[in-house]
Amino acid sequence: MGSQRLTVVVTRRLPEVVETRMKELFDVELRDPDTRMTREELAAAMRRADVLVPCVTDHIDSNLLAQAGERLKLIANYGAGVDHIDVHSARQRGVLISNTPGVVTEDTADMTMALILAVTRRIPEGLAVMQSGQWQGWAPTAFMGGRVGGRRLGILGMGRIGTAVARRAAAFGMQIHYHNRKRLRPEQEAEVEATYWESLDQMVSRMDVISVNCPHTPATFHLMNARRLRLMKPTGVIVNTSRGEVIDENALTRMLRAGEIAGAGLDVYEHGKDINPRLRELSNVVLLPHMGSATVEGRTEMGEKVIINIKTFADGHRPPDLVVPGML
1153 MGSQRLTVVV
1163 TRRLPEVVET
1173 RMKELFDVEL
1183 RDPDTRMTRE
1193 ELAAAMRRAD
1203 VLVPCVTDHI
1213 DSNLLAQAGE
1223 RLKLIANYGA
1233 GVDHIDVHSA
1243 RQRGVLISNT
1253 PGVVTEDTAD
1263 MTMALILAVT
1273 RRIPEGLAVM
1283 QSGQWQGWAP
1293 TAFMGGRVGG
1303 RRLGILGMGR
1313 IGTAVARRAA
1323 AFGMQIHYHN
1333 RKRLRPEQEA
1343 EVEATYWESL
1353 DQMVSRMDVI
1363 SVNCPHTPAT
1373 FHLMNARRLR
1383 LMKPTGVIVN
1393 TSRGEVIDEN
1403 ALTRMLRAGE
1413 IAGAGLDVYE
1423 HGKDINPRLR
1433 ELSNVVLLPH
1443 MGSATVEGRT
1453 EMGEKVIINI
1463 KTFADGHRPP
1473 DLVVPGML
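Residues in the sequence shown are numbered consecutively from 1153, following the numbering used here.
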């Protein structure tokens, strides 16, 4: 398939440099204004595209794929996670899936560490007082948080991002623990002096901070459910920069309101932008608008990976970041 005949439909606005390069290489339809496509618009896009470039806000299930045209041969996802795409159904229809792994690792790990510090040091509460003009000056017992050095950090999912979080947390003097589908190699554990827990329950019950860094799959849906959240220490903190579906958000909200968990830092939510309104009322919760990968560098590199995947496919080769069901 020649790239000059390739029709690429992009579902959201991308960084300008990425869109410009796509225009140079492909027959591309860009999204303007920057709003989420409706289901009907997605179906129409999939009927006229050779390549669709969606992102995490586009939910592409088997019913939507059934409406795709015969032209659609590649879904080049703008993002590493593909839980919003029915990969199995796509492959059955002969549609390849690619993603953008690796490029958001450092940015997301930075944000994870920022959330840990924000919750434990009560930074949003301090900001709120300063912005309201109510600060009365320094006081010995005002805004006392907790020191992160010496605390136990339990990382749920020790992949690229989890490992990057471990490196940062170790530099802050935290003790690193982790639960993963597979244990790391000894030299990887030694790098950050990480302790492996085969039992997630046992790890959760002993940690001061839990960091969720695993992908959303059927096996990880509500992995941190009500029963497991109750295992956490009352002084414990949980942060999530991965996928909201991994935590039972309603159970977490109830426990935070009841003081059964000390605090939470969330960048992702179980139902996307529809956040439990009671979470917004809590002073011990830091909420961010899914901005873990939101750096100019990261978002540009994501776009570059999308372009490489499309161009490689257009030249008749396997996309370098091809997603196969066995990876999920």
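Glycine included, C-beta positions come from ideal geometry on N, C-alpha and C.
This structure is a prediction, so every number in the text was calculated from the model and none was measured.
Self-check item: Under 8 angstroms between C-beta atoms of GLY1297 and MET1355
Solution: no
Practice problem: Sort out for me which residues DSSP pairs ARG1304 with in a bridge. | Solution: By DSSP's assignment, ARG1304 forms a beta bridge with GLN1327.
Exercise. Identify whether SER1241 lies in helix, strand or coil by the three-state DSSP scheme.
Key: helix
Self-check item: CA-to-CA distance, LYS1334 to GLN1327, given in whole angstroms
Solution: 20 angstroms
Quiz prompt | Same chain, Cβ closer than 8 angstroms to VAL1448, five either side skipped, listed in chain order | solution = PRO1167
Self-check item: At least three beta-carbon pairs within less than 8 angstroms, the stretch 1276–1284 to the stretch 1334–1347
Solution: In short, these stretches do not touch, since the Cβ pair count stays below three.
Quiz item: Roughly how many whole angstroms lie between the Cα atoms of MET1153 and VAL1170?
Solution: Caution applies to MET1153, whose pLDDT of 49 falls short of 50 and renders its modelled position unreliable; the value that the coordinates give is listed next. Roughly 22 angstroms separates the two Cα atoms.
Quiz item: Residues bridged to MET1376 by DSSP?
Solution: DSSP output for MET1376 lists ILE1399 as bridge partner(s).
Exercise. Tell me whether GLY1301 is buried or exposed, calling it buried when 16 or more other Cβ atoms sit within 10 Å of its Cβ.
Key: With fewer than 16 other Cβ atoms from the protein chains shown falling within 10 Å of its own Cβ, GLY1301 counts as exposed.
Self-check item: Proximity test, Cβ basis, 8 angstroms: VAL1205 and chain D
Solution: Of the protein chains in the structure, only one exists, and it is not chain D.
Quiz item: Who are the Cβ neighbours of LEU1383 in its own chain at under 8 angstroms, not counting the five residues just before and after it?
Solution: ASP1353, VAL1356 and SER1357
Quiz item: CB ASP1202 to CB LEU1224, shorter than 8 angstroms?
Solution: Less than 8 angstroms divides the Cβ of ASP1202 from the Cβ of LEU1224.
Exercise. Could you give the DSSP three-state label for ILE1462: helix, strand or coil?
Key: helix
Practice problem: Could you tell me whether the stretch 1266–1275 touches the stretch 1243–1252, where touching means 3 or more Cβ pairs closer than 8 angstroms? | Solution: no
Quiz item: Under 8 angstroms, do GLY1450 and ASP1419 count as touching if we go by C-beta distance?
Solution: No Cβ-Cβ contact shorter than 8 angstroms links GLY1450 with ASP1419.
Quiz item: What does SER1250 pair with, by DSSP beta-bridge criteria?
Solution: ALA1228 and LEU1474
Quiz item: In the DSSP assignment, what residue or residues form a beta bridge with GLU1181?
Solution: The bridge partners DSSP lists for GLU1181 are VAL1161.
Quiz item: GLY1278 lies in the alpha helix (DSSP H); which residues open and close that run?
Solution: 1275–1284 is the span of the alpha helix (DSSP H), which, as asked, contains GLY1278.
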